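Quick note, my numbering runs 1309 ahead of the 1-based positions in the sequence shown.
Reading through the structure tokens given below for one structure.
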Amino acid sequence: MPFLAGPPTGGEIAALQRIRHTQEEDRPITPPEAPTRPAAPTTARGFRRQVRAARLRQSLLRRNVESFIRAGEQLLDENNLLKHENAFLKETVKTEQRRRKHGKPLGLLNKEHAGQAQFFSPARIQAARERADELDAQKQQKAAQVEGFELRRAVQKDQKAVTLAERKAARAEGRCGTIPPPPEATAEARS
């Protein structure tokens, strides 16, 4: 067949298939190869040898299986230990991150000498940290005041809604012709 330039066309594909088909028909058909079995022993000695060989293969197989089982158990145990260790390490990292105070600038840098080396005494650092803590406390106090104010406002709004509902109920009863008794009279009637 001549050298094909480019992908084969429909006619060329059909020709290739015919060639393959005829080549397959020319091959002799052979049965699949079966695993060869040893010949049956004809003597007692040969029988004993075969039994010994079978026992040896079986014991080797058993040893291999047992070693695989042991290795698998060891890997499972190691995996469990590593999982627990990993969980504890993750927890430790989280607690460390919570404890670590992410540094906000303390305002210790002197802007006049920005390009020069600056040294800070422990007392200055402590004072700056105390100032930062005071500012945080003030922010928290303001937030608590705002929250308290909003809570009071919500309570007042609820009280206003209750009184408004009572007034509407009183008006509705007044329209029906019944007059509600004064609060003192109901208290005396109960006792």
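Using N, Cα and C, we set each Cβ at its ideal position, and we do this for glycine too.
Model, not experiment: these values are computed from the prediction.
Discussion item. Rounded to the nearest angstrom, what separates Ala-1432 and Arg-1438 at their Cα positions?
Written reply: Numbered from 1 along the sequence shown, position 123 holds the residue referred to as residue 1432. Numbered from 1 along the sequence shown, position 129 holds the residue referred to as residue 1438. Roughly 10 Å separates the two Cα atoms.
Worksheet item: With a cut-off of 8 Å, do at least 3 Cβ pairs link the region 1449-1463 to the region 1420-1435?
Response: no
Item to complete: Kindly give me the distance between the Cβ atoms of Ala-1396 and Leu-1415, rounded to whole angstroms, as I take these residues to be in contact under 8 Å.
Response: Taking the first residue of the sequence shown as position 1, residue 1396 is located at position 87. Taking the first residue of the sequence shown as position 1, residue 1415 is located at position 106. The pair is not a contact, with the Cβ atoms about 36 Å apart (cut-off 8 Å).
Fill in: Three-way DSSP call (helix, strand, coil) for Gln-1266 in this model
Beyond the ends of the chain as shown, which are 1310 and 1500, falls residue 1266; an answer cannot be given.
Worksheet entry | Asn-1389, DSSP secondary structure in three states | Your numbering for residue 1389 matches position 80 in the sequence shown. DSSP places Asn-1389 in helix when its eight states are reduced to three.
Worksheet item: According to DSSP, is Asp-1416 helix, strand or coil?
Response: Looking up residue 1416 in the sequence shown gives position 107. For clarity, residue 1416 is Gly in the given sequence; the question names Asp instead. Of the three classes helix, strand and coil, the one that applies to Gly-1416 here is coil, per DSSP.
Fill in: Inside the region 1343-1387 only - beta strand (DSSP E) runs reaching at least 3 residues
none
Item to complete: Kindly give me the distance between the Cβ atoms of Asn-1419 and Gln-1406, rounded to whole angstroms, as I take these residues to be in contact under 8 Å.
Response: Within the sequence shown, the letter at position 110 stands for residue 1419. Within the sequence shown, the letter at position 97 stands for residue 1406. Actually they are not in contact, since the Cβ atoms of Asn-1419 and Gln-1406 sit about 31 Å apart, beyond 8 Å.
Practice prompt. For Ala-1481, collect the residues of the same chain with a Cβ closer than 6 Å to its Cβ; drop the 5 residues on either side in sequence, then sort them by chain order.
Written response: Along the sequence shown, one-based indexing puts residue 1481 at 172. Answer for Ala-1481: no residue qualifies.
Practice prompt. Check Arg-1480 in the structure and name its three-state DSSP category.
Written response: Here residue 1480 is taken as the residue at index 171 of the sequence shown, counted from 1. Reduced to three states, the DSSP call for Arg-1480 is helix.
Worksheet entry | Arg-1366 to Arg-1358 span [Cα, whole Å] | Within the sequence shown, residue 1366 is the residue found at index 57, counting from 1. Within the sequence shown, residue 1358 is the residue found at index 49, counting from 1. When rounded, the distance between both Cα atoms is 12 Å.
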